[in-house]
Amino acid sequence: MEYYFAIFVFFVGLCIGSFANVCIYRLPKKMSIVKPGSSCPACQTSIKPWHNIPLVSFIILGGKCKYCGTSISWRYPIIEFICGVMFLYAYYDLFYLNNNLFLFIVSLYLSSVFLIIFFIDLDHKIIPDSLSLSGIIIGFAISFLPGMPLDWKGSLIGILVSGGLFLAIAEIGDRVFKKESMGGGDIKLAAMMGGFIGWKGILLVLGIGSFLGAVIGGLSLMLAKDKEAARTIPFGPFLVTAAIIVFYWGDDILNAYLRFVGL
Ligand SMILES: [Zn+2]
18 MEYYFAIFVF
28 FVGLCIGSFA
38 NVCIYRLPKK
48 MSIVKPGSSC
58 PACQTSIKPW
68 HNIPLVSFII
78 LGGKCKYCGT
88 SISWRYPIIE
98 FICGVMFLYA
108 YYDLFYLNNN
118 LFLFIVSLYL
128 SSVFLIIFFI
138 DLDHKIIPDS
148 LSLSGIIIGF
158 AISFLPGMPL
168 DWKGSLIGIL
178 VSGGLFLAIA
188 EIGDRVFKKE
198 SMGGGDIKLA
208 AMMGGFIGWK
218 GILLVLGIGS
228 FLGAVIGGLS
238 LMLAKDKEAA
248 RTIPFGPFLV
258 TAAIIVFYWG
268 DDILNAYLRF
278 VGL
């Protein structure tokens, strides 16, 4: 029985991933994410529902628009697949193992929003307020649900400490490096994350995010032909990746660290 539900959750994840693609494309352009329906970016032909099945359609159509033959980016099915896998893991960890329905639903929300932020920030170097500011409210609101890792005080402190910490880093960074080191979007995103994972969580996010940024930023600086583009990789994708890691394994990492330093 559980297998059927796991497959269903994976499929829902693929569909939400398909919707995430729409958001990634349209939110930065301030277009409606509901209307009109999907169309081919090249020939504008509207896409029929049966050509819009996540993953399946991409494979059947051979990665091309059925009407004009323009190649469809590999990113679309990859984003759908990542979303499906994140939903499946959320189900396994939070519902199957821990039987926490509310936290399972919260994790589906975070997976989707963080996935959208990852690619919008990567493409446009912005993090839409519609995602981060609404997330601050949602993070605080869900702290009143049963079975949450933080109570409302923990969530509120998380929001304030995270926003304040990132604001301070941005201020210091601006003065030391004489250019914008961290944008307002990162600060609002940090405040949102703090509402879900608390002030300890955000310290871990900052550590892990900086580490990922240094490693991947360094590698791309070495490998990239366009050095200037590699130098201006946004911080948001690393922050949301770190936040997902901390959301699931933050306590384990923290405990391992405390054991390591002998506390
Ligand atoms: Zn087309």
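Straight run, no breaks: the sequence shown in the working numbering ends on number 280.
Note that the Cβ used here is the ideal one computed from N, Cα and C, for glycine as well.
Note to self: What would DSSP say about Ser320, mapped onto helix, strand or coil?
What the structure shows: The question about residue 320 has no answer, for the chain in this structure spans 18 to 280.
Check: Taking 8 Å as the cut-off, does the CB of Cys60 come closer than this to any heavy atom belonging to ligand 1?
Finding: Indexing the sequence shown from 1 puts residue 60 at position 43. Yes, Cβ of Cys60 sits closer than 8 Å to a heavy atom of ligand 1.
Next item on the list: Identify every residue that forms a DSSP beta bridge with Lys81.
Entry: Here residue 81 is taken as the residue at index 64 of the sequence shown, counted from 1. In the DSSP output, where bridge partners are listed per residue, Lys81 has Ser88.
Margin query: Looking only at its chain, what residues have a beta carbon closer than 7 Å to the beta carbon of Leu173, apart from the 5 residues adjacent to it on each side?
Written below: Within the sequence shown, numbered from 1, the residue matching residue 173 stands at position 156. Cβ neighbours of Leu173 beyond the five flanking positions: Phe157.
Note to self: ligand 1 and Gly86: does the residue's C-beta get closer than 8 Å to at least one heavy atom of that ligand?
What the structure shows: Reading the sequence shown from its first residue, position 69 is the one you call residue 86. Checking every heavy atom of ligand 1 against the Cβ of Gly86, one is found closer than 8 Å.
Next item on the list: Could you tell me how far apart the beta carbons of Tyr84 and Cys57 are, in whole angstroms, since I believe they sit closer than 8 Å?
Entry: The count along the sequence shown starts at 1 and reaches residue 84 at position 67. The count along the sequence shown starts at 1 and reaches residue 57 at position 40. The pair is a contact, with the Cβ atoms about 6 Å apart (cut-off 8 Å).
Margin query: Using only the alpha-carbon positions, how far apart do Trp169 and Ile64 sit?
Written below: Position 152 of the sequence shown, counted from the start, is the residue given in the question as residue 169. Position 47 of the sequence shown, counted from the start, is the residue given in the question as residue 64. Going by the C-alpha atoms only, they are around 44 Å apart.
Check: When we look at the beta-carbon of Ile1 and count the other beta-carbons within 10 Å, is it buried (16 or more) or exposed?
Finding: In the structure as shown, the chain begins at 18 and stops at 280. Residue 1 is therefore absent and cannot be evaluated.
Next item on the list: Please go through the region 204 to 274 and give each complete beta strand (DSSP E) segment of 3 or more residues, from N-terminal end onward.
Entry: none
Item checked: Contact under 9 Å by Cβ, Phe252 with Ile233 -> As a position in the sequence shown, residue 252 is number 235, starting the count at 1. As a position in the sequence shown, residue 233 is number 216, starting the count at 1. No, these two residues do not count as a Cβ contact at 9 Å.
Notebook entry, point to check: Which residue comes first and which comes last in the alpha helix (DSSP H) that contains Cys32?
Noted result: Start at 1 with the first residue of the sequence shown, and residue 32 comes out as number 15. Unbroken alpha helix (DSSP H) run through Cys32: Glu19 to Arg43.
Margin query: Quick check: the region 25 to 33 against the region 84 to 103, are at least 3 beta-carbon pairs closer than 8 Å?
Written below: yes
Next item on the list: For Val123, I'd like the list of residues in its chain whose CB is within less than 6 Å of its CB, leaving aside the five on either flank, ordered along the chain.
Entry: For the purposes of this step, residue 123 is taken as the residue at position 106 of the sequence shown. Contacts found: Ile159.
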